[in-house]
Each structure stands twice: as structure tokens, then as C-alpha cells.
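Visitor: Dropping a structure here in C-alpha cells format, bear with me for questions.
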Amino acid sequence: MAPWGYSKENGPATWHKDCPIANTGVRQSPIDLITTGQTCAKYDSNLKPVIVSYPAFSEATFLNNGHSVQFQPSAGNLSELSGGPLTKKYKFEQFHFHWGNNDSEGSEHRVNGKMYPAELHLVHWNSESPNFSSFQEAVGSNDPHALCVLGFFLKVGAENASLKPITDLLSKVKNAGSSVSFPGKFDLKAVLPETLTDYYTYDGSLTTPPLAECVKWIVFKEPIEVSTAQMEAFRAVDDGHGKPITGNYRPPCPLHTRTVAASFK
Ligand SMILES: NS(=O)(=O)c1ccc(C(=O)NCC(F)(F)F)cc1
Ligand SMILES: [Zn+2]
1 MAPWGYSKEN
11 GPATWHKDCP
21 IANTGVRQSP
31 IDLITTGQTC
41 AKYDSNLKPV
51 IVSYPAFSEA
61 TFLNNGHSVQ
71 FQPSAGNLSE
81 LSGGPLTKKY
91 KFEQFHFHWG
101 NNDSEGSEHR
111 VNGKMYPAEL
121 HLVHWNSESP
131 NFSSFQEAVG
141 SNDPHALCVL
151 GFFLKVGAEN
161 ASLKPITDLL
171 SKVKNAGSSV
181 SFPGKFDLKA
191 VLPETLTDYY
201 TYDGSLTTPP
211 LAECVKWIVF
221 KEPIEVSTAQ
231 MEAFRAVDDG
241 HGKPITGNYR
251 PPCPLHTRTV
261 AASFK
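Once you know that position 2 of the sequence shown is 2 in the UniProt record's numbering, the rest is easy, because the numbers rise by one and skip nothing.
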């Protein structure tokens with residue numbers, strides 16, 4: 001079967017063929033974050049602010065892998081995550097994006113059915129587990145919280161100066177499989193809201209094959225603003241079949257018996 005993607009032939013509805021957990025899993029991601037009614041997110045006063053320590057990256061690769069664009073620091077990156085619902089310290093691995101071909105679609109998570117034009121994922125792995133000592137081992141570990149992904153919605157508004165170094169680089173990785181070494185330093189901390197207090201959190205999975213059910217998800221309530229031009233830059237990135245990636249988001253999955261906690265009322 002052709003490698004997975006987001007077209008009719010190889011998109012989310014076909015992933016179960018190579019990846020049965022797509023249809024049989026009971027903690028799949030993304031989900032629709034419902035804030036009112038029966039199955040809604042429940043306020044948990046014990047949830048603390050998320051703590052990130054992201055010193056500016058000095059060396060990183062920016063890659064178009066055909067299904068997203070990904071920023072991955074080279075070895076020696078010391079960025080860490082703790083707090084929130086986490087009991088351990090997590091190491092930063094990479095960040096990437098999901099987007100649509102118009103402003104009414106693109107995010108993976110939804111809020112009461114509403115999609116945002118894009119979603120930023122900051123991927124981390126538990127660096128204090130005795131069972132694994134690398135990201136790849138963590139993914140394959142079956143540990144329910146081997147990974148923690150921070151999700152931030154993007155919405156169209158003012159230009160985001162902190163993300164400009166990234167969106168300005170998109171034209172350089174237009175072709176699938178292309179990558180560039182990131183010029184200079186990148187300050188990821190500057191991209192994020194100052195206070196990481198208001199978020200939804202739940203147990204889920206990778207949103208792309210192998211759809212491993214090993215992710216503690218933390219999705220922040222406050223969107224990050226980017227300009228229309230910055231959104232358009234994502235929509236010019238190619239998928240390896242001579243077409244732009246115009247919707248690399250998986251539709252929401254059933255909640256099953258899961259509950260979603262909210263750190264805010
Ligand atoms: N969209 S997401 O859920 O944040 C997401 C995060 C990371 C990966 C990833 O590293 N896949 C490659 C691996 F690890 F070999 F399976 C996939 C999806
Ligand atoms: Zn993602």
C-alpha cells in the first residue's frame with residue numbers, strides 16, 4: 001500500500017489497513033474537546049501550570065517530510081517540560097504543524113466542533129523512565145505516557161514575529177523530502193503565551209501512523225495568532241506528489257471511556 005497520507009487513496013479512512021489500531025484503539029487522537037454537556041471537559045483544580053524550559057535552539061533541521069513540516073534540534077538540545085498533569089520531566093524532540101487549505105479547517109483537535117486554521121504540536125518524551133532512553137524507544141514502549149505533546153491552535157490575526165523565522169523558511173522546503181539546516185538561533189519560548197495555565201488534557205495517541213497510544217495530550221485554550229500570509233505559506237508546501245499539502249489533519253476520534261480534564265473553569 002502506498003505510504004499513508006491525507007488524500008482519498010491513502011488518507012485517515014484507509015490507515016486502519018496497515019494500522020488496525022486506527023479503528024480498534026480506544027484512546028485515539030485527535031478528539032473534539034467538548035466544553036458543555038454530558039461528556040464535557042471537567043475542571044480539575046489540582047492541575048498546575050505547564051512549565052517549559054526552552055533555551056534558544058542553536059542547531060536544528062527544518063524538514064518537509066511530505067505530510068508536515070518539522071523543526072528538529074540536533075543532539076545536545078536541553079529543552080525540558082514538566083508540571084501540568086505530568087509527574088515526570090520530558091525532553092523536547094521536535095515541533096511540527098497541521099493545517100488546512102482555508103481558514104475554517106486545519107486543526108486536529110476541535111473545540112465544540114470548531115476547527116482552527118492550524119495546530120502546532122510540540123513533541124516530548126519522558127526522560128525519566130527506566131524503560132527507555134530515546135524518543136524512538138519511547139514511541140515503541142507501550143508506556144501510556146511515554147510522550148507528551150503540547151497542542152496550540154493557530155488563528156488568523158496579526159503577524160507572529162516569533163514564528164516568522166519558521167514561516168519564512170517554508171518556501172525553502174517546498175518539495176517533499178527537502179530539509180534545510182535552520183539558520184541561526186530559534187527562540188521557541190517566544191512563540192508561546194507567557195502563562196501556560198489554561199489547557200485541556202487527556203490520554204491519547206499519535207495522530208499519524210503508527211497511531212501509538214502513548215501520548216499525554218495537553219491542548220491549550222488560547223490560540224496563537226499568525227497572519228494570513230503566514231497561513232498561506234503553509235499551504236504552498238508540497239506533499240511529494242506535486243500537490244500542496246492542503247489538509248494534513250486527522251478527523252476527531254471517539255472518546256470511548258476517556259474523560260478530558262480542564263485546568264480552568
Ligand atoms: N501529530 S502528533 O501526534 O503530534 C505526532 C508526533 C510524533 C510522531 C512521530 O514521531 N512519528 C514517527 C514515529 F515516532 F516513528 F512513529 C507522529 C505524530
Ligand atoms: Zn501533530
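Built from N, CA and C at the ideal position, the CB exists for glycine as well.
#1: When DSSP labels each residue in this structure, what does W15 get in the three-state scheme?
#2: Have a look at H109 and E119 and give me their C-alpha separation to the nearest angstrom.
#3: Check each candidate in T208, L63, S263 and name the one with the smallest Cα separation from P20.
#4: Quick one: measure Cβ to Cβ for P165 and F186, integer angstroms, because I've assumed they're closer than 8 Å.
#5: Please tell me whether S79 and Y54 are closer than 8 Å, where the distance is taken between their beta carbons.
#6: C148 bridges to which residues according to DSSP?
#7: Identify, in the order they occur along the chain, each residue of the same chain with its Cβ nearer than 8 Å to the Cβ of P210, setting aside the five sequence neighbours on each side.
#8: With H, G and I counted as helix, E and B as strand and the rest as coil, what does DSSP make of E9?
#9: For F234, which of S171, S104, A75 has the nearest alpha-carbon?
#10: For A261, list the residues DSSP reports as bridge partners.
#11: If V149 and W217 are in contact, beta carbons under 8 Å, what's the gap, nearest whole angstrom?
#12: Heavy atom of ligand 2 less than 7 Å from the Cβ of H96, yes or no?
#13: As a quick exercise: from P183, K48, R27, pick the residue whose alpha carbon is nearest that of H256.
#14: F57 and S107: beta carbons closer than 8 Å?
#15: Kindly identify the DSSP beta-bridge partner or partners of H96.
#16: May I ask you to check if the CB of V139 is nearer than 7 Å to at least one heavy atom of ligand 1?
#17: Hey, how far is the Cα of K265 from the Cα of A2?
#18: For S179, list the residues DSSP reports as bridge partners.
#19: Under 8 Å by Cβ, that's how I've got F220 and Y199 pegged, so tell me the actual separation to the nearest angstrom.
#20: Do you know offhand how far N126's Cα is from F92's?
#21: Which residue marks the beginning of the beta strand (DSSP E) containing E194, and which one marks its end?
#22: Would you kindly work out how many angstroms separate the C-alpha atoms of G247 and A229, rounded to a whole number?
#23: Any heavy atom of ligand 2 closer than 7 Å to the Cβ of H121?
#24: Quick one: using the 10 Å Cβ neighbour count with 16 as the cut-off for buried, is D239 buried or exposed?
Guide: On the basis of the coordinates in this document:
#1: helix
#2: Separation of H109 and E119 (C-alpha to C-alpha, rounded to the nearest whole angstrom) is 8 Å.
#3: T208
#4: 6 Å
#5: yes
#6: H124, K216
#7: Spatial neighbours of P210 in its own chain (CB-CB distance under 8 Å, excluding positions within 5 residues in sequence) are listed in chain order as C19, I21, V139.
#8: In the structure shown, E9 falls within a coil segment according to DSSP collapsed to helix, strand and coil.
#9: S171
#10: K42, T201
#11: Rounded, the Cβ-Cβ distance is 6 Å, consistent with contact.
#12: yes
#13: R27
#14: no
#15: Q70, H121
#16: yes
#17: 45 Å
#18: L63
#19: 5 Å
#20: 9 Å
#21: Counting along the chain, E194 falls outside any beta strand (DSSP E), and DSSP gives it neither H nor E.
#22: 17 Å
#23: yes
#24: buried
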